[in-house]
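Everything below concerns the one structure shown next.
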Amino acid sequence: MLALGYAGLYVYYGVTIKQEAQKQLDNRDLSSISVDNVEYGLLAPISTSANITLIVAYRGAEAALDLAVQGHPVFSDEVSVEFDGLQALRLGIGFGQSDD
877 MLALGYAGLY VYYGVTIKQE AQKQLDNRDL SSISVDNVEY GLLAPISTSA NITLIVAYRG
937 AEAALDLAVQ GHPVFSDEVS VEFDGLQALR LGIGFGQSDD
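Each residue of the sequence shown is one higher than the one before, counting from 877 in the numbering used here.
Right, here's the structure in full:
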């Protein structure tokens, strides 16, 4: 029963982080950037500090951003997020044939 409760908290933590990140991007008129995925450690949902990775996408480009979270996004009123670094940047470039 405890494992089932923790699994639910783990999933809810990720959903909360993803929604809040997308909301903050939208509030800054960056709604064309989408948060595709959130990656975090197994103990992040029960900790007041965690390192997370946001996978964001914009027009065929994808970036993995490392963030440090202080506080708990589900249980705390005050949460601070600091940009820790850019992990990866992938650009998709398409080539097509033109009919001249």
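Every residue gets a Cβ at the ideal spot worked out from N, C-alpha and C, and that includes glycine.
Going along the chain, which residues of its own chain have a beta-carbon closer than 6 Å to the beta-carbon of alanine 920, five neighbours each way excluded?
Ala926
On the DSSP bridge list, what partners appear for phenylalanine 959?
Leu943
Which class does valine 950 belong to by DSSP, given the choice of helix, strand or coil?
Coil at valine 950, not helix or strand.
Taking the beta carbon of valine 945 as the centre, do at least 16 other beta carbons fall within 10 Å, making it buried, or is it exposed?
buried
Would the beta-carbon of alanine 937 fall within 7 Å of that of glutamine 963?
no
Burial state of valine 820, where buried means 16 or more other Cβ atoms lie within 10 Å:
Because residue 820 is not part of the residues shown, which for the chain are 877 to 976, the question remains open.
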